[in-house]
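> Numbering (the numbering used here), first residue to last: 119 to 218.
All C-beta atoms in this analysis are idealised placements derived from N, C-alpha and C, irrespective of residue type, glycine included.
1. Taking residue 165 as the reference, which of 175, 174 and 154 has the closest Cα?
2. How about residue 207 and residue 186: are their beta carbons less than 8 Å apart?
3. With DSSP as the reference, please indicate the residues paired to residue 207 in a beta bridge.
4. Just the Cα atoms here: how many angstroms apart are residue 182 and residue 132?
5. Here's the rule: buried if 16 or more other CB atoms are within 10 angstroms of the residue's CB, otherwise exposed. What is residue 163?
What follows is the structure, encoded as structure tokens:
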């Protein structure tokens, strides 16, 4: 359930950013933080959802849906264990995600 909620919110956020500016990115932490703000997860627990959020980000990257960037550069097929420091994500193209 939490994984589905995280993925739905991630897709919603990147789609909204893409609509405003296709080059716009977001920090993966925005996903659980917005869910916490909306009362969808318990207050003070958003950090507990960061590992599953990162897993979703990398899975969607591998599926060609998202790009992962570090210091403004796309990191390609680099795995999560190889990435040190903050990342940002963006939609690869509007056609990669179908609206529900």
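Working from what's here:
1. One-based indexing of the chain shown puts residue 165 at position 47. Taking only the C-alpha atoms, the option nearest residue 165 is 154.
2. Taking the first residue of the chain shown as position 1, residue 207 is located at position 89. Taking the first residue of the chain shown as position 1, residue 186 is located at position 68. Using a Cβ distance threshold of 8 Å, residue 207 and residue 186 count as a contacting pair.
3. Reading the chain shown from its first residue, position 89 is the one you call residue 207. For residue 207, which the question treats as bridged, DSSP gives the partners 144 and 186.
4. Here residue 182 refers to the residue found at position 64 when the chain shown is read from its first residue. Here residue 132 refers to the residue found at position 14 when the chain shown is read from its first residue. C-alpha separation (whole angstroms): 14 Å.
5. Numbered from 1 along the chain shown, position 45 holds the residue referred to as residue 163. So residue 163 ends up on the exposed side.
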